[in-house]
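S.K.:
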Amino acid sequence: RSGSDAHTGSNSVYINLQNEGKKPSEAHIIKTIDGKLLSGLNYELSFFVKQVKPGTGGYIQQYFVEWFDENEQKVQGTGFKQFSSKIGEWERIVVPGLDIPENVRSVKLLFRFVTGAIEGGGGEVFIDDVKFIADDSSEALVASIEDKVEQAQFDVALNLIEIFLKRYSEDPKVDEMKSLKDRVNKFQQLEDSSE
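Pasting the structure below:
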């Protein structure tokens, strides 16, 4: 944590890697978000990064997103994805379209900074304003509901319909969503009776 530079507020996370000889350096920032995740919606990861100077010795910056279930078992992940950043100025990095799998309880955001096994390798960077948010606008909810119904994921669709009806009770699509809820309940009953 550093008070010397921040995108907003007075602090940011500061990473300063410097190889000792040819020994590589590595640092991680980990943020876990527990609960309040809605499966079926697309999420967006965004953060601000400011690289102090160009990295040397094979320096790379990566993010990794992992989803975990109620039993803290890994459900899915993105794998490491490399990102670059501007030198000397804050840059917003946006990772859209992160679809939350079903039965997810928490998400782990990991940022990895690493140098190669090269003498003089190093990197210096600030990270700030990390956000992981869902697009839960009425349009996005309707699109997700329709998608889940099409995929016969009735429990997820019903959950999203309930959220829509609570949040957007004045929306013009309320009657359509109530009707869809009745149809999905019938589909689910048919599916349950055939098993």
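Numbering (the numbering used here) for the sequence shown: 1408 to 1602. Where is the CB? At the ideal position from N, CA and C, for every residue including glycine.
Closer than 7 Å by C-beta to residue 1493: which residues in its own chain qualify, once you throw out the five before and the five after it? Chain order, please.
M.R.: In the sequence shown, the residue the question calls residue 1493 occupies position 86. For residue 1493, where only same-chain residues beyond five positions count, the Cβ hits under 7 Å are 1458.
S.K.: Can at least three beta-carbon pairs, one atom from the stretch 1554-1569 and one from the stretch 1436-1451, be found at a separation below 8 Å?
M.R.: Yes: at least three Cβ pairs fall under 8 Å.
S.K.: Restricting to Cα atoms, I'd like to know which of 1578, 1455, 1469 and 1521 is closest to residue 1423.
M.R.: Along the sequence shown, one-based indexing puts residue 1423 at 16. Of the candidates 1578, 1455, 1469 and 1521, the one whose C-alpha sits nearest the C-alpha of residue 1423 is 1521.
S.K.: Assuming residue 1425 and residue 1523 make a contact with CB atoms under 8 Å, what is their CB distance in whole Å?
M.R.: Residue 1425 sits at position 18 when you count from the first residue of the sequence shown. Residue 1523 sits at position 116 when you count from the first residue of the sequence shown. Contact flag wrong, Cβ pair sits at about 13 Å.
S.K.: Rank 1415, 1587 and 1589 by C-alpha distance to the C-alpha of residue 1499 and give the top, closest one.
M.R.: In the sequence shown, counting from the first residue as 1, residue 1499 sits at position 92. Looking at the Cα atoms, 1415 is the closest of the given residues.
S.K.: Report the rounded CA-to-CA distance for residue 1453 versus residue 1483, giving the unit in angstroms.
M.R.: The sequence position of residue 1453 within the sequence shown is 46, counting from 1. The sequence position of residue 1483 within the sequence shown is 76, counting from 1. Whole-angstrom Cα-Cα distance: 19 Å.
S.K.: If you measure between the beta carbons of residue 1437 and residue 1517, is that distance less than 8 Å?
M.R.: As a working note, residue 1437 is residue 30 in the sequence shown. As a working note, residue 1517 is residue 110 in the sequence shown. Going by C-beta atoms, residue 1437 is nearer than 8 Å to residue 1517.
S.K.: Determine which residues share a DSSP beta bridge with residue 1423 and list them.
M.R.: The sequence position of residue 1423 within the sequence shown is 16, counting from 1. For residue 1423, which the question treats as bridged, DSSP gives the partners 1531.
S.K.: Flag this pair as yes or no: are the beta carbons of residue 1545 and residue 1578 separated by less than 8 Å?
M.R.: Sequence index remark: in the sequence shown, residue 1545 carries index 138 (1-based). Sequence index remark: in the sequence shown, residue 1578 carries index 171 (1-based). Contact flag set, yes.
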